[in-house]
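Engineer: My numbering numbers the first residue of the sequence shown as 57 and each following residue consecutively. Just so you know, even glycine gets a beta-carbon here, dropped at the ideal spot from N, CA and C. Computed from a prediction, not measured in an experiment: that's the story for all the values here. First, the structure itself, so that you have it in front of you.
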Amino acid sequence: MTRSMADTTAVAGLASGVRGRVLLPGDAGFEEARRPWNRAVDQPVAAVVEAADADDVAAVVRHARREGLSVAVQPNGHGPSGDTDGTILLRTGRLDGVEIHAAERWARVGAGAAWGPVLAAAAPHGLTGPAGSSPLVSVVGYTLGGGQGWFSRRHGLAADGVRAFDVVTADGRPARVSADSCPDLFWALRGGGGDFAVVTAVEFDLLPVASLYGGRMLWAGHRAGEVFAAFRELTATAPPELSLWLTRAEFPQSPPMVALDAAYAGSAAEGAALLGRLDRIADLISDQRGAMSPADLGDITGDPTTPGPSLSRTELLTGLDAGVERVLTTEPLAPVLSVQLRHLGGAMADPATATGPHGPLTEPYLLYTVGLTPSPEAAAAVAAHQAELVRRLGAAVSGRKPFTFLAPGESVRSVFPEEALARLRGIKRDRDPRGVIRSNFPVLDGV
Ligand SMILES: Cc1cc2nc3c(=O)[nH]c(=O)nc-3n(C[C@H](O)[C@H](O)[C@H](O)COP(=O)(O)OP(=O)(O)OC[C@H]3O[C@@H](n4cnc5c(N)ncnc54)[C@H](O)[C@@H]3O)c2cc1C
């Protein structure tokens, strides 16, 4: 029997055990249902199940275990690696419940909930969540990989604020995972990725934001050097309540641009004073700075809202010297679309806060580069230019990468310190010896 025939037999009984939709190869809608949000990544799978609830999740895990298959969980596919051959692709989008416990400042959200609805539900209470740039990314997928966002300098990665997970373990049983009930699994889930259990819900701290100031400032591209200099100066002294991200972009059919995105958890007057230095830079195209609702955090960067093919490459930087400035402000970007620098530090670098598998992120900056890849040739050109940009950055590149920013072909070996990776591998072997659960970036080699 060939591999695909064996897979077909193994998934045949799936539909009888779950309430949600099951799609098998050849079914109408299967091809669309198996595609991730990042269209550049092909996802060969044996079946797609859109779970109706946590019982469906458990049924799928038990089925996979019985039939010798693996389950790849994917709310929407913002972070696909393509490592899904022969798996049951488990879509969790219908588990999208959001509960805000305002008085005690915590939230409970389902495995399919995206950041947008969580921020919207928390904002009227003067609270927010540890979200990143995109309101569409799932809270659980983002948090399992650490999750670096607007308030990470003040409060640490999203994973550092988790109180508990509800999971289905690799043997198909529901379990509650907290620091007390299951310390090893709790540690692994707070940044080690989706390799250890299927999460059905997460509970995490909400962050108080009495007032928020921020927005995007956009200049003509030839001001990149001055904006970079201001970014370097401001980030050298920024309080942990201020997050600044710089983006240089060359979109097709648009003039080159440079943007500075800001979020300051404090008053508009303080925020305006902190960013006053930027008023001196000429050729401003637009300035959206102002008092804002935390519900609108996901609008600051204008992240893409429709699926498309792209290739990113992310690096952590040890500093911003003149060489880095030259490469990032003057080198042509195309076929790369944009490069973004995020200021890290603060609680992310503090061992007291950063207690998950990543450990402290001591690099002060993150560099994210992305290009559109509608064809294999375009992908090769983007990858080559990203590699060249990184090569020119030289010793400023630390070689470490945050889990949530890994791209297809990259590995957790560049994410975790050696000791943490060994511990994660031990937990995987103990908890899932048959490899029933398949993360987009597995901790064991050759899985
Ligand atoms: C436009 C855009 C903006 C982004 N901005 C940021 C940012 O600001 N900060 C940041 O840190 N990252 C950011 N990311 C990266 C993003 O956080 C990761 O790609 C993350 O993995 C996405 O999670 P997802 O659930 O939306 O994606 P998916 O691709 O659906 O899931 C990613 C992986 O998470 C695991 N997973 C998801 N749900 C479960 C579950 N219920 N149980 C077990 N495992 C599960 C699986 O291993 C899965 O392969 C961004 C990505 C994009 C595309």
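Quick test of your reading: S368 and Y421, contact by CB under 8 Å. State the CB separation rounded to the nearest angstrom.
Structural biologist: At roughly 16 Å, the Cβ-Cβ gap does not stay under 8 Å, so S368 and Y421 are not in contact.
Engineer: Judging by CA-CA distance, which residue of S72, A102, P308, R75 is the nearest neighbour of F86?
Structural biologist: A102
Engineer: Can you tell me whether DSSP reads L302 as helix, strand or coil?
Structural biologist: strand
Engineer: Can you find the residues in the same chain that come closer than 7 Å, C-beta to C-beta, to A158, ignoring five residues on each side of it along the sequence?
Structural biologist: So the list reads H181, L183, once near-sequence residues are dropped.
Engineer: Going straight from the alpha carbon of T65 to that of G205, what length do you get?
Structural biologist: Approximately 43 Å between the Cα atoms of the pair.
Engineer: Given that a residue counts as buried once 16 or more other Cβ atoms are within 10 Å of its Cβ, and exposed if not, what is S72?
Structural biologist: exposed
Engineer: Would T409 and D216 qualify as a contact pair, given that the criterion is a beta-carbon distance under 9 Å?
Structural biologist: yes
Engineer: When DSSP labels each residue in this structure, what does W171 get in the three-state scheme?
Structural biologist: helix
Engineer: Which residues does DSSP list as the beta-bridge partners of A276?
Structural biologist: M313
Engineer: In angstroms, rounded to a whole number, what distance separates the CA positions of V503 and G491?
Structural biologist: Bear in mind that a pLDDT of 46 at V503, under 50, signals an unreliable position, so the model cannot answer this.
Engineer: On a Cα-Cα basis, can you pick out the residue from L316, T291, G427 that is closest to T303?
Structural biologist: L316
Engineer: Looking only at C-alpha atoms, which of W171, P413, V154, R485 sits nearest to E475?
Structural biologist: P413
Engineer: Measure the C-alpha to C-alpha separation of P186 and S194 and round it to an integer number of angstroms.
Structural biologist: 12 Å
Engineer: Taking 8 Å as the cut-off, is the C-beta of I144 nearer than that to any heavy atom in ligand 1?
Structural biologist: no
Engineer: Should I493 be counted as a contact of ligand 2 given a C-beta to heavy atom distance under 8 Å?
Structural biologist: Within the structure as shown, ligand 2 is missing, the only ligands being ligand 1.
Engineer: For P131, count neighbouring Cβ atoms within 10 angstroms of its own Cβ and tell me buried if that reaches 16, exposed if not.
Structural biologist: buried
Engineer: By the DSSP assignment, the alpha helix (DSSP H) with P230 in it spans what residues?
Structural biologist: P230 -> not in any alpha helix (DSSP H); beta strand (DSSP E) instead, spanning 230-234.
Engineer: Would you mind reading off the limits of the beta strand (DSSP E) that contains W162?
Structural biologist: 162-166
Engineer: Let me confirm a value: G375 is counted as buried when at least 16 other C-beta atoms fall within 10 Å, else exposed. Which label applies?
Structural biologist: With fewer than 16 Cβ atoms within 10 Å of its Cβ, G375 is classed as exposed.
Engineer: DSSP on E155, reduced to helix/strand/coil?
Structural biologist: Strand at E155.
Engineer: Could you have a look at S470 and say whether DSSP puts it in helix, strand or coil?
Structural biologist: In the structure shown, S470 sits in a helix (DSSP, three-state: H, G or I).
Engineer: Say yes only if the C-beta of Y421 is nearer than 8 Å to one or more non-hydrogen atoms of ligand 1, and no if none qualify.
Structural biologist: no
Engineer: Quick one: grab the DSSP three-state call for A187.
Structural biologist: coil
Engineer: Is the CB-CB distance between P365 and T429 below 9 Å?
Structural biologist: yes
Engineer: Could you check whether the stretch 252-262 touches the stretch 303-313, counting it as contact only if at least three pairs of C-beta atoms, one from each stretch, sit closer than 8 Å?
Structural biologist: no
Engineer: Which of helix, strand or coil does DSSP assign to P498?
Structural biologist: coil
Engineer: Under DSSP, the alpha helix (DSSP H) around T256 begins and ends at which residues?
Structural biologist: Not the alpha helix (DSSP H): T256 falls in the beta strand (DSSP E), residues 254-261.
Engineer: Quick one: using the 10 Å Cβ neighbour count with 16 as the cut-off for buried, is S299 buried or exposed?
Structural biologist: S299 is buried by the Cβ-count criterion.
Engineer: Keeping to the same chain, check which residues put their C-beta closer than 6 Å to that of A128; ignore five residues upstream and five downstream.
Structural biologist: T140, T143, L145, R494
Engineer: Going by beta carbon distance, what residues of the same chain come within less than 7 Å of V174, once the five residues before and after it are set aside?
Structural biologist: Around V174: V154, A163, V165, G185, V195.
Engineer: At which residue ranges does the stretch 66-145 contain complete beta strand (DSSP E) runs of 3 or more residues, listed in the order of the chain?
Structural biologist: Qualifying beta strand (DSSP E) stretches, in chain order: 77-79, 101-106, 127-129.
Engineer: Shorter than 8 Å, the distance from the beta carbon of L353 to the closest heavy atom of ligand 1, or not?
Structural biologist: No.
Engineer: Please indicate yes or no: does the CB of P92 lie closer than 8 Å to some heavy atom of ligand 1?
Structural biologist: yes
Engineer: Let me check understanding here. Comparing Cα to Cα, which of D83, R147, A120, R118 lies closest to G76?
Structural biologist: R147
Engineer: Where do the ends of the alpha helix (DSSP H) carrying S368 lie?
Structural biologist: That residue, S368, is in no alpha helix (DSSP H); its beta strand (DSSP E) goes 366-373.
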